Amino acid sequence: HEEPPLMASADADVPKLGGAVAARLRQSGRAVIGAVGPQAAYRSIKAVVTATEYLREDEGTPRNQSLAMRLSERPVPQKLDDGGGFRRTVMTLEVEPHKVPDAQGPVARDIIVGAQTNAG
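As C-alpha cells, this is what we get:
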C-alpha cells in the first residue's frame, strides 16, 4: 500500500521533515511531500536537502547518490465558511534517490536567482 504524502506547512520544522523524508526513502525508496503555498514549498525543498545530508551519513550509501525531485501541482477547490469558495494549488514533490556520475575534480554549479525572488 502507498503511504500518504508527508505534508509541509509554512512553519514546518525543516530538520524534522527532512528526517521523515529520509525515513520514507530508507523504507520504500521514495517519499512524497505535499505543500500548499510558497513558504511550505520552500521548506519542503530545504527538507529534501536535509534528507540528502542525513542519508549520506548512513553506512554504505554511495558517495555519488543525490536525491531527485519531480514537481507537480494541482488546483484544489476550498470552501469558505460564508459559502464562497476559491482554489488553492497543492504542490507535490516526489523524491527518489538518483546516482550522479562521478566527476573529475570539483563541480561548478550555477545558481540563478531572479531580482524579484523572495524565498522567505
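Note that our numbering gives residue 109 to position 107 of the sequence shown, counting from 1, and the numbers run on in steps of one.
Where a beta carbon is used, it is the ideal one built from N, C-alpha and C, also for glycine.
Owing to the predicted nature of the structure, the values given are computational and were not obtained by experimental measurement.
**Message:** Within a Cβ cutoff of 6 Å, which residues of the same chain sit near A24, ignoring the five residues on either side of it in sequence?
**Reply:** Position 22 of the sequence shown, counted from the first residue, corresponds to residue 24. Cβ within range, chain order: A53, Y56 and L57.
**Asked** How about R26 and L8: are their beta carbons less than 9 Å apart?
**Response** Taking the sequence shown and counting its residues from 1, the one referred to as residue 26 is at position 24. Taking the sequence shown and counting its residues from 1, the one referred to as residue 8 is at position 6. Contact flag set, yes.
**Request:** Name, in chain order, the residues that DSSP records as bridge partners for E98.
**Result:** For the purposes of this step, residue 98 is taken as residue 96 along the sequence shown, with counting starting at 1. Beta-bridge partners assigned by DSSP to E98: A70.
**Asked** Residue range of the alpha helix (DSSP H) that A42 falls in?
**Response** In the sequence shown, the residue the question calls residue 42 occupies position 40. Its alpha helix (DSSP H) spans residues P40 to R58.
**Message:** I'd like the span of the beta strand (DSSP E) that includes A10, first residue to last.
**Reply:** The residue you call residue 10 lines up with position 8 of the sequence shown. Taken as a continuous stretch (DSSP letters only), the beta strand (DSSP E) holding A10 covers L8 to A10.
**Prompt:** Does the Cβ-Cβ distance between Q127 and P99 come in under 9 Å?
**Reply:** In the structure as shown, the chain begins at 3 and stops at 122. Residue 127 is therefore absent and cannot be evaluated.
**Message:** Measuring straight from C-alpha to C-alpha, what distance separates L69 and P79?
**Reply:** Numbered from its first residue, the sequence shown carries residue 69 at position 67. Numbered from its first residue, the sequence shown carries residue 79 at position 77. Using only the alpha carbons, I get a separation of about 31 Å.
**Asked** In three-state DSSP terms, what is G20?
**Response** Taking the sequence shown and counting its residues from 1, one reaches residue 20 at position 18. The answer is helix: DSSP assigns G20 an H, G or I state.
**Request:** Give the straight-line distance between the Cα atoms of A49 and R90, rounded to the nearest whole angstrom.
**Result:** For the purposes of this step, residue 49 is identified with residue 47 of the sequence shown, where counting begins at 1. For the purposes of this step, residue 90 is identified with residue 88 of the sequence shown, where counting begins at 1. Rounded to the nearest angstrom, the two C-alpha atoms are 22 Å apart.
**Asked** In the structure shown, what three-state DSSP assignment does A14 receive?
**Response** If you number the sequence shown from 1, residue 14 lands on position 12. Coil at A14, not helix or strand.
**Close-in-space but distant-in-sequence residues of the same chain around T94 (CB under 6 Å, 5 per side omitted)** = Here residue 94 refers to the residue found at position 92 of the sequence shown. Closer than 6 Å at the Cβ level, and outside the excluded window around T94, lie G36 and S74.
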